[in-house]
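In our numbering, the protein residues as written are 2 to 211.
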């Protein structure tokens, strides 16, 4: 399939096989980005500095009123948190067109380790993010995806008490709406159910916090 056109605002990103690689992508030692592999340090930076995970520019553009988009699966929304940093709406639009896991081109996750090892034996690809332990998704059916929309004032990355990694809280009072990515099997009806469940979870959390 022909890659979608790269928008001008993403022209500064590394291009791999015609695709603009997200900022949080892992990179080989020579600077080549690896599509589908995520760099933990870059992801943490995007969370901490409130950067768009795609273009790396700040998410806060209009004093708390800017719209931010977070990709989430049903289980993420039910749990009340997503593992990915936010995106500008225009960057999310490119992601929905380009990423095979959310544009319907891949029906299941890769069944084996990431194939793109390089010839540099000192590169991290030979240990950390290429030959990594099974994720639990290996070979599994692709997830249904939703876009969760919130204002930059509602967007507040956090580190859960039982984790060392940042997440994006997805509780009822911290997003504007949920939209289905229909090509992944997501539906408007499920989006409504997920929104109501998130509101219930948010209410319970508020009661527990007093």
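Virtual Cβ for every residue (Gly too), placed ideally from N, Cα, C.
A quick note: this is a predicted structure, and the numbers were derived from the prediction, not measured.
Can you look up residue i in the DSSP assignment and give me helix, strand or coil?
i	result
residue 142	strand
residue 180	strand
residue 200	helix
residue 82	strand
residue 14	coil
residue 205	helix
residue 4	coil
residue 43	helix
residue 95	helix
residue 59	strand
residue 72	strand
residue 22	coil
residue 9	helix
residue 194	helix
residue 125	helix
Run the CB neighbour count on residue i, radius 10 Å, all protein chains shown included, and call it buried at 16 or more, exposed below.
i	result
residue 87	buried
residue 42	exposed
residue 183	exposed
residue 165	exposed
residue 131	Bear in mind that the predicted position of residue 131 carries a pLDDT of just 47, short of 50, making it unreliable; the figure below should be weighed with that in mind. That one is buried.
residue 56	buried
residue 151	buried
residue 77	buried
residue 50	exposed
residue 134	Because the pLDDT at residue 134 is just 42, under 50, the model does not fix this residue reliably, and the point stays unresolved.
residue 40	buried
residue 210	exposed
residue 106	exposed
Quick check: the Cα distance between residue i and residue j, rounded to an integer number of angstroms?
i	j	result
residue 60	residue 84	17 Å
residue 24	residue 38	11 Å
residue 96	residue 103	8 Å
residue 12	residue 187	30 Å
residue 156	residue 19	31 Å
residue 149	residue 207	21 Å
residue 45	residue 167	7 Å
residue 81	residue 161	11 Å
residue 36	residue 62	27 Å
residue 205	residue 170	15 Å
residue 181	residue 144	12 Å
residue 196	residue 147	11 Å
List the whole-angstrom C-beta distance separating residue i from residue j, where the pair is believed to meet the contact cut-off of C-beta under 8 Å.
i	j	result
residue 29	residue 119	5 Å
Next item on the list: Please go through the region 147-172 and give each complete alpha helix (DSSP H) segment of 4 or more residues, from N-terminal end onward.
Entry: none
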